[in-house]
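Trainee:
In UniProt numbering, the protein residues as written are 1 to 262.
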C-alpha cells in the first residue's frame, strides 16, 4: 500500500497577498504557527457567529484567535480552543470546507468495497478492470494482488494428489497458487476472445487496484473513528486509516488531537 497526499485546501494567492499581507495572521503564517486550513476553518466557523464578512474574518479576528494562548487551559491558541469547542459540540459541518486529495495505490478490491461505503464527503476515481487489461502479456503484466497478513503468517495444511500422496503447504503457498490459477484462467478467457469487461469476473477480491480519493476533514475524522485499529476493522483498511491520518496531520498538525480523540 502506498498513500500520497496530492493536494489539500490552501488559501488563494489573491486572498493571501491581497487581504492578509500586513496582518497578524500573515506573520503567524510565516512563522508556521498557523496553517491555511486553520484560516479556512476559522472563516467558516466564525461566519456562523460573527457580524464580519467571511472575507474579513481572518484579517479582523486573526490576532484574537491566533495570537493568544488557549483560554481553556489546553494546548495551542484560542483558535485551537475554538476548534475543540466546535468538534465537542458536534458543529463539524464547518470542517467540511477543508479537503484532501490522496493517491492510494496497491490496495485490494476487498478494501475498495469497504472504502466506498463511506460515501458522504468522499469522491473516488478508481482504476478500471474493464478498460485496463490484466493479461500476462498486457502492459500491466498481469494482475497484482494483496496478501493479507493473516495468510502471510498462517499455518500449514496437507494436500493430496491423485495418487494419494500428501504434501504440506503453507497458507501463503495455497493463496499464491490460487492467484496463479486465476491469472491462467483470465489469460485463457482473453485468448478465447472474451472481452476484458467479462474476463474480469474471475479476478479475486485480493486483486490490487489504484485510486484517487478526495475527502473533507469531517468525513476523514468519522472514517478514522470507524476504521482505525482496535475498532474491529480489517487490518488492511485499518492501515489505510492510519496512512490517511498521518498525511493530514503532516500538513495540518492541529488536527492530530481530533484524530487521537476518536
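For glycine and all other residues, C-beta sits at the position ideal for the given N, C-alpha and C.
As a quick exercise: from 109, 117, 121 and 138, pick the residue whose alpha carbon is nearest that of residue 127.
Mentor: If we check each option's Cα against that of residue 127, 109 comes out closest.
Trainee: Please state the DSSP three-state secondary structure of residue 238.
Mentor: Three-state result, residue 238: helix.
Trainee: Taking just the CA atoms, how far does residue 167 sit from residue 112?
Mentor: Going by the C-alpha atoms only, they are around 35 angstroms apart.
Trainee: Which ranges would you report for the alpha helix (DSSP H) in the region 49-79 if only whole runs of at least 4 residues count?
Mentor: Fully enclosed alpha helix (DSSP H) runs of 4 or longer: 57-66.
Trainee: Assuming residue 248 and residue 220 make a contact with CB atoms under 8 angstroms, what is their CB distance in whole Å?
Mentor: Residue 248 to residue 220, Cβ: 6 angstroms. Contact.
Trainee: Could you tell me the alpha carbon to alpha carbon distance between residue 232 and residue 242, rounded to whole angstroms?
Mentor: Each residue's Cα considered, the two are about 14 angstroms apart.
Trainee: Would you call the CB atoms of residue 64 and residue 74 closer than 8 angstroms?
Mentor: Contact flag unset, no.
Trainee: In three-state DSSP terms, what is residue 252?
Mentor: Reduced to three states, the DSSP call for residue 252 is coil.
Trainee: So for residue 155, helix, strand or coil by DSSP?
Mentor: It is coil, neither helix nor strand.
Trainee: Residue 204: which of 223, 188, 175 and 15 sits nearest, CA to CA?
Mentor: Ranking the options by Cα distance to residue 204, first place goes to 175.
Trainee: For residue 91, is the classification buried or exposed, using 16 other Cβ atoms within 10 angstroms of its Cβ as the cut-off for buried?
Mentor: Counting Cβ neighbours within 10 Å, residue 91 comes out exposed, since fewer than 16 surround it.
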